[in-house]
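Chains G and V, in that order, give the protein sequences.
Going by numbering that gives the first Met the number 0, the first sequence opens with residue 0, and the numbers climb by one from there.
Going by numbering that gives the first Met the number 0, the second sequence opens with residue 0, and the numbers climb by one from there.
Where a beta carbon is used, it is the ideal one built from N, C-alpha and C, also for glycine.
Taking it in order: structure first as structure tokens, then the write-up.
Number of protein chains: 2
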Amino acid sequence: MTDPASDDDAVAPRRGGYRKGAERRAQILDEMIRMVAEQGVDASSLRSVADALGITHAALRHYFPSRDDLLLAVYREHEVREQGAPERMKSAIGDMRESAARNRAVPGLVQLYTTLSADAVQEGHPTTRDFMRERFTRLRADLAGLIRADQAAGRIRDDLDAEDLASLSIAASDGLQVQWLLDPEAVDGERVLRLLERIVPAGDADRTDGASA
Amino acid sequence: MTDPASDDDAVAPRRGGYRKGAERRAQILDEMIRMVAEQGVDASSLRSVADALGITHAALRHYFPSRDDLLLAVYREHEVREQGAPERMKSAIGDMRESAARNRAVPGLVQLYTTLSADAVQEGHPTTRDFMRERFTRLRADLAGLIRADQAAGRIRDDLDAEDLASLSIAASDGLQVQWLLDPEAVDGERVLRLLERIVPAGDADRTDGASA
Chain G
0 MTDPASDDDA VAPRRGGYRK GAERRAQILD EMIRMVAEQG VDASSLRSVA DALGITHAAL
60 RHYFPSRDDL LLAVYREHEV REQGAPERMK SAIGDMRESA ARNRAVPGLV QLYTTLSADA
120 VQEGHPTTRD FMRERFTRLR ADLAGLIRAD QAAGRIRDDL DAEDLASLSI AASDGLQVQW
180 LLDPEAVDGE RVLRLLERIV PAGDADRTDG ASA
Chain V
0 MTDPASDDDA VAPRRGGYRK GAERRAQILD EMIRMVAEQG VDASSLRSVA DALGITHAAL
60 RHYFPSRDDL LLAVYREHEV REQGAPERMK SAIGDMRESA ARNRAVPGLV QLYTTLSADA
120 VQEGHPTTRD FMRERFTRLR ADLAGLIRAD QAAGRIRDDL DAEDLASLSI AASDGLQVQW
180 LLDPEAVDGE RVLRLLERIV PAGDADRTDG ASA
């Protein structure tokens with residue numbers, strides 16, 4: 000969805016330095032994704048990242064003027080890589096469930112997402128707010144499209160508003176990540192999302208097999 | 000659930016000063032709830048709160064040693080007041096929906112909740128993490144109890160795991176608050192939670208009236 004090249008343009012130092020700048024930026028993001036995955040978001044102050052990378056604070060700020068810019072770039076890079084995952088957006092709620100399963104492997108990225116959500120709803124983080132609002136808009140539209148296709152094919156009951164069911168699925172997935180991260184023994188996000196999948200189908204076909212699941 | 004008096008004990012300056020200390024603490028929380036409701040969480044650094052209250056930073060720290068302590072106290076006070084609301088915990092998902100409707104009136108408190116969630120899943124906020132984990136545990140148990148009662152009465156289909164449905168409802172409610180706060184025109188949290196209520200009942204009684212709802 001996002002073209003990484005256009006971002007690089009915005010931060011490229013000058014004509015001619017473009018390629019080197021883009022490589023450097025990619026290096027920083029690689030390192031950041033590793034750091035966030037291993038140590039969580041708190042390790043990602045601009046200063047500690049610069050230290051870890053062995054570059055100056057000023058050099059880092061050249062590519063990422065603020066901590067918000069850096070966190071967003073890390074998340075976007077993660078999203079771009081995630082979209083390479085083979086099952087991306089083939090079924091409506093199943094997709095959310097698979098995405099939750101993958102995120103489970105990298106709690107640091109769930110922390111990053113939660114931080115971006117919290118920042119987005121506060122004052123003082125306009126870039127994060129715009130990014131998250133656009134992300135939700137796009138995700139709701141994509142998911143609603145899949146839901147409508149499932150409704151047309153008789154796989155999801157057609158008296159449910161597709162946009163509302165999309166909002167519900169995204170919200171459930173987001174909220175479950177927090178509950179799971181705080182209490183992995185008590186909350187199994189995938190199983191709970193499977194419950195949501197089980198209650199939306201048209202007809203009663205799967206209604207009786209619940210006990211055997 | 001929380002007895003405010005026991006908290007006051009912990010921060011009361013000394014024997015004899017207890018009553019005055021408790022009053023002072025209550026005054027600070029009153030003011031904070033007002034500030035958070037009006038201006039959001041970002042206005043709640045210890046220093047700006049002390050300035051707004053016309054007390055010294057040291058005096059404020061006497062009652063609330065850290066920003067985490069202050070934010071948690073504000074949220075708990077809000078919860079205590081909220082529990083006075085007449086409809087509290089009478090029906091399973093309906094309750095979440097009514098709570099969402101009330102929160103809608105005070106975006107600052109939704110911001111506060113989102114901040115606590117984000118802090119809780121990061122390193123470095125052990126008190127917030129413990130509070131939020133316990134809150135989810137308690138809320139899941141309360142809601143699962145209501146769901147089991149609804150299942151016994153034939154109001155919710157009985158092939159759904161009550162704990163999982165409780166997790167799902169809480170997660171949906173939490174996630175919807177963020178989507179709604181970012182895009183109130185696009186997302187109506189109450190309507191979406193009503194969709195969840197509509198798909199869990201036993202039998203098909205309400206399945207045909209969807210269009211007229």
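G/S44 sits exposed, since fewer than 16 C-beta atoms from the chains shown fall within 10 Å of its C-beta. Approximately 7 Å separates the beta-carbon atoms of G/D68 and G/T126; this is inside 8 Å, confirming the contact. Taking C-beta separations shorter than 7 Å and ignoring five residues to either side along the sequence, the partners of V/T55 in its chain run A49, following chain order.
Of the candidates V/L181, V/R134, V/A161, V/A58, V/R134 places its Cα closest to the Cα of G/D182. Contiguous alpha helix (DSSP H) elements confined to the segment 77 to 152 of chain V occur at 91 to 102, 106 to 120, 125 to 151, taking only those with 4 or more residues. No Cβ of chain V is located within less than 7 Å of the beta carbon of G/F130. With fewer than 16 neighbouring CB atoms inside 10 Å of its own CB, G/V79 falls in the exposed class. When 8 Å is used as the limit between beta carbons, G/D173 is near these residues of chain V: A170, D173, G174, V177, in chain order. Here V/L167 really is in contact with G/L194; their C-beta atoms are around 6 Å apart, less than 8 Å.
In this structure, the straight-line span from the alpha carbon of V/T114 to that of G/Q121 is close to 9 Å.
In the DSSP assignment, V/A161 falls within the alpha helix (DSSP H) that extends over 161 to 181. Pairing G/A148 with V/M34, the inter-Cα distance amounts to about 46 Å. Proximity of G/S47 to chain V, defined by a Cβ-Cβ separation below 7 Å, is not satisfied. Cα atoms of G/M131 and V/K19: separation of roughly 45 Å, rounded to the nearest angstrom. For G/E122, the closest Cβ of chain V is nearer than 7 Å. Ranked by Cα distance from G/I169, the first of G/G153, G/E37, G/A143 is G/A143. Listed along chain G are Q121, E122, each with a C-beta nearer than 7 Å to that of V/G39. Straight through space, the alpha carbons of V/A152 and G/L111 are spaced by roughly 42 Å. Scanning chain G for C-beta atoms nearer than 9 Å to the C-beta of V/T127 yields nothing, as the closest lies near 10 Å away.
Here DSSP, grouped into helix, strand and coil, assigns G/D68 to helix. Judged by their CB atoms, V/A36 and V/V105 are nearer to each other than the 7 Å cut-off. For chain G, none of the residues of the segment 59 to 70 of chain V brings a beta carbon within less than 7 Å of one of its beta carbons.
By a beta-carbon distance limit of 8 Å, G/E97 does not contact G/L28. Their separation comes to about 24 Å. Here V/D50 carries a helix assignment [DSSP, helix/strand/coil]. Taking V/L175 as the centre and dropping the five residues before and after it, the same chain places the C-beta of G188, V191 closer than 6 Å to its C-beta, in chain order. When the five nearest sequence neighbours on each side are left out, the beta carbons in the same chain lying within less than 7 Å of the beta carbon of G/I146 are those of A91, I155, A161, L164, A165, in order along the chain. Boundaries of the alpha helix (DSSP H) harbouring V/D29: 17 to 38, taken from the DSSP string.
The beta-carbon of V/Q26 is placed no less than 7 Å from the nearest beta-carbon of chain G. The DSSP-derived three-state label of V/E196 is helix.
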